[in-house]
Amino acid sequence: MLEELKEANQYVINKIKEKDLLILEIEEYAKEYNVPIVTKEVAEYLRFLVRDKNVKNILEVGTAIGYSGIIMGKEIEKKDGKLYTIEIDEERYNTAQENIKKSGLKNIISIKGDAIEEISKINEYFDFVFIDASKGHYKQFFEDSVKLLNKDGIIFIDNIMFRGYLYKEYPKRFKTIVKRLNEFIEYLHERKDGEFVLLPFGDGVGLFRKK
Ligand code: SAH
Ligand code: MG
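Numbered according to our numbering, the sequence shown spans residues -13 to 197.
Structure follows, in structure tokens:
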């Protein structure tokens, strides 16, 4: 989350009335066990975007405990859409499985493994890709998934401004990640096969649309 926006974000979040009990339960769990699920206003924005009539199949990189996956999966179920989601951590993968089961959704395909290897094994095309895993590998996740993206499809990149460390002082240990993210943002602006916008909300969101 971008510290500078804390109050504005809080204002937005206070306006959101979540009615889904499972979603509320997962939010509580995430708070208790420190699972970095998307912030509420970003979750609402994801929901808003995937409701688009052109979004049917979704790829998610970074399932964690299934929070964003269930939110998006539910929206596309009505359109007969499927959501593929990848998680490297066994415990989180298992918790996600339990949550998906509780949700009753039958359109979520969970893959346990490293997205660096798993994305290119998928034999499907997608209308929407949500990248929300290890920031040091964002460029690779992008390059692997853009190949599976349909025309006019969107890649949504979360946490791309990494707590504001891209433009302000940061702890030394993050030097490589900060450098990679800055380069990644330049690279996205320069890509010729689509357009890119950088949105300073949540923890920074990047949106790429393929031509
Ligand atoms: N999208 C989720 C939150 C994901 S948190 C939500 O908003 O509900 C990021 C997750 O990515 C973590 O659970 C982490 O284990 C996973 N991850 C990190 N690197 C990964 C990789 N290379 N492949 C797959 N998953 C990865
Ligand atoms: Mg995130």
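Think of the CB as a built atom: it goes at the ideal place given N, C-alpha and C, for glycine as much as any other residue. All values reported here derive from a predicted model rather than from experimental measurement.
Could you tell me the alpha carbon to alpha carbon distance between residue i and residue j, rounded to whole angstroms?
{"i": "residue 133", "j": "residue 9", "result": "32 Å"}
{"i": "residue 126", "j": "residue 107", "result": "14 Å"}
{"i": "residue 128", "j": "residue 152", "result": "19 Å"}
{"i": "residue 47", "j": "residue 131", "result": "9 Å"}
{"i": "residue 52", "j": "residue 1", "result": "24 Å"}
{"i": "residue 30", "j": "residue -2", "result": "10 Å"}
{"i": "residue -13", "j": "residue 192", "result": "14 Å"}
{"i": "residue 194", "j": "residue 110", "result": "19 Å"}
{"i": "residue 42", "j": "residue 67", "result": "4 Å"}
{"i": "residue 20", "j": "residue 104", "result": "26 Å"}
{"i": "residue 61", "j": "residue 36", "result": "7 Å"}
{"i": "residue 90", "j": "residue 157", "result": "42 Å"}
{"i": "residue 6", "j": "residue 16", "result": "16 Å"}
{"i": "residue 170", "j": "residue 11", "result": "35 Å"}
{"i": "residue -5", "j": "residue 154", "result": "20 Å"}
{"i": "residue 118", "j": "residue 149", "result": "14 Å"}
{"i": "residue 162", "j": "residue 102", "result": "18 Å"}
{"i": "residue 39", "j": "residue 160", "result": "39 Å"}
{"i": "residue 64", "j": "residue 186", "result": "31 Å"}
Whose CA, out of the options, lies closest to the CA of residue i?
{"i": "residue 33", "options": "20, 167 and 116", "result": "116"}
{"i": "residue 166", "options": "123, -12 and 30", "result": "123"}
{"i": "residue 181", "options": "52, 173 and 66", "result": "173"}
{"i": "residue 25", "options": "42, 45 and 4", "result": "4"}
{"i": "residue 27", "options": "189, 55 and 21", "result": "189"}
{"i": "residue 178", "options": "162, 197 and 136", "result": "197"}
{"i": "residue 79", "options": "156, 65, 101 and 49", "result": "49"}
{"i": "residue 136", "options": "120, 45 and 13", "result": "45"}
{"i": "residue 146", "options": "184, -10 and 154", "result": "184"}
{"i": "residue 88", "options": "-8, 57 and 121", "result": "57"}
{"i": "residue 59", "options": "-8, 92, -9 and 38", "result": "92"}
{"i": "residue 114", "options": "100, 120 and 55", "result": "55"}
{"i": "residue 121", "options": "13, 164 and 64", "result": "164"}
Under 7 Å: does the beta carbon of residue i sit that close to some heavy atom of the ligand ADP?
{"i": "residue 73", "result": "No copy of the ligand ADP appears in this structure; the ligands present are the ligand SAH and the ligand MG."}
Taking 6 Å as the limit, name every residue whose beta carbon sits nearer than that to some heavy atom of the ligand MG, in sequence order.
22, 24, 118, 144 and 145
Report yes or no: do the region 133 to 144 and the region 79 to 99 share at least 3 C-beta pairs separated by less than 8 Å?
no
Between the region 96 to 103 and the region 66 to 74, are three or more C-beta pairs nearer than 8 Å?
yes
Scan the region 85 to 145 and note each continuous alpha helix (DSSP H) run of 4 residues or more that stays entirely inside, going in chain order.
101 to 104 and 124 to 132
Any chance you could list the alpha helix (DSSP H) runs of at least 4 consecutive residues sitting entirely within the region 21 to 71, in chain order?
26 to 36 and 53 to 63
Complete alpha helix (DSSP H) runs within the region 160 to 184 (minimum length 4 residues, chain order)
161 to 176
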